[in-house]
DNA sequence: AAGCGATATGTTATGTTATTACGCTTGCGA
DNA sequence: TCGCAAGCGTAATAACATAACATATCGCTT
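Protein chains in written order, with full-length UniProt numbering: chain A, 1 to 137; chain B, 1 to 137.
Here's what the structure looks like:
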């Protein structure tokens with residue numbers, strides 16, 4: 001069973017459905033995966049899902065994994081983590097681990113400052129095998 | 001003018017065409033962008049481009065930018081950079097800067113070691129505005 | 001309460017990115 | 001010269017994402 005996440009009260013119906021789907025999934029879901037799971041709840045078109053995802057991502061309740069074209073619920077229940085988040089994605093079981101590292105953030109900031117580059121958004125995704133899957137192999 | 005890159009002698013015709021297209025572009029190209037530019041050279045189907053890209057990426061001659069679904073030639077002319085590479089992508093002009101940072105690599109390695117996670121591939125992409133574009137604004 | 005703007009919704013159609021499946025060709029070592 | 005690995009060509013389709021348009025809902029101001 002997926003553990004419980006905070007579910008803010010001010011979500012719209014669609015946003016709540018989509019976040020619910022993500023919360024109950026053990027691994028990232030694509031927008032179309034989500035759509036398929038929510039057809040029974042009245043969702044019919046991709047756009048309904050993408051719109052909800054946009055809002056959820058904007059609020060930090062969900063994250064987009066660029067290297068997967070998929071989405072996960074934020075792992076931090078009382079969420080809204082600041083700054084850079086790194087994701088470790090297991091190719092075996094699909095599980096995603098989320099962590100922050102101040103040193104990395106600082107290195108990136110240093111590079112940007114030297115180059116005069118204004119950072120707006122950073123994605124960091126590690127692909128590999130988690131301990132459990134290595135064990136099982 | 002794009003600066004010159006090393007063009008290995010043992011590329012196949014399609015690989016050479018695709019790498020050539022990337023070398024002459026000032027910004028990342030999607031597979032379909034590449035296809036369009038190479039129709040005059042006889043390429044007709046996406047797969048011809050994707051296959052070439054696979055090989056080029058495998059050899060480190062090109063990189064895939066996950067957050068863009070696009071590709072760039074490796075910036076290092078005598079390429080085959082080891083380890084983790086970070087990309088800074090300007091939203092203004094599309095230019096991509098490529099750099100490595102041993103400290104970041106070491107932090108990631110540390111996290112992985114602690115978690116027992118076996119890293120296979122890491123993508124790090126910074127989106128923002130480059131100095132030139134900030135200047136122009 | 002009426003009017004208004006901002007936000008969300010639903011639907012259709014379409015655009016963009018990536019892969020599957022199949023068969024042929026070529027180079028090369030056993 | 002057989003057989004295999006790698007590459008190539010083509011058609012079809014799958015997977016991911018957005019445009020354009022019409023309607024609805026909610027909170028705020030008057």
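Built from N, CA and C at the ideal position, the CB exists for glycine as well.
Source: prediction; values computed, not measured.
Beta bridge pairing from DSSP links residue 96(B) with 89(B). Residues of the segment 105–123 of chain A with a C-beta less than 8 Å from any C-beta of chain B: 107, 108, 111, 112, 115, 116, 117, 118, 119, 120, 121, 122, 123, listed in chain order.
Nearest to residue 72(B) by C-alpha distance, out of 106(B), 94(B), 82(B), 134(B), is 94(B).
For residue 20(B), the enclosing alpha helix (DSSP H) covers residues 13–24.
In chain order, 119 place their CB closer than 6 Å to the CB of residue 112(B), counting only its own chain and leaving out the 5 sequence neighbours on each side. Neighbours of residue 94(B) across chain A, judged by C-beta separation under 9 Å, do not exist; the nearest C-beta is about 14 Å away. Listed in chain order, the non-local C-beta contacts of residue 85(A) below 8 Å within the same chain comprise 63, 98, 99, 100, 124, local neighbours out to five positions each way being set aside. Beta-bridge partners of residue 125(B) (DSSP): 123(A), 87(B).
Contact check for residue 89(B) and residue 65(B): beta-carbon distance about 7 Å, within the 8 Å limit, so the pair qualifies. Ranked by Cα distance from residue 51(B), the first of 12(B), 41(B), 28(B) is 12(B).
Annotation for residue 114(B): the continuous alpha helix (DSSP H) segment containing it runs 102–115. Going by beta carbons, residue 105(B) and residue 83(B) fall inside the 8 Å limit.
Bounds of the alpha helix (DSSP H) holding residue 37(B) are 31–38. Around the beta-carbon of residue 28(B), 16 or more other beta-carbon atoms lie within 10 Å, marking it buried. One Cα belongs to residue 92(A), the other to residue 68(A), and the distance between them is close to 14 Å. Around the beta carbon of residue 49(A), a 10 Å sphere encloses 16 or more other beta carbons of the protein chains shown; the residue is thus reported as buried.
Counted as a single uninterrupted DSSP element, the alpha helix (DSSP H) harbouring residue 51(B) occupies residues 46–58. Taking C-beta separations shorter than 7 Å and ignoring five residues to either side along the sequence, the partners of residue 53(A) in its chain run 18, 31, 62, 71, following chain order.
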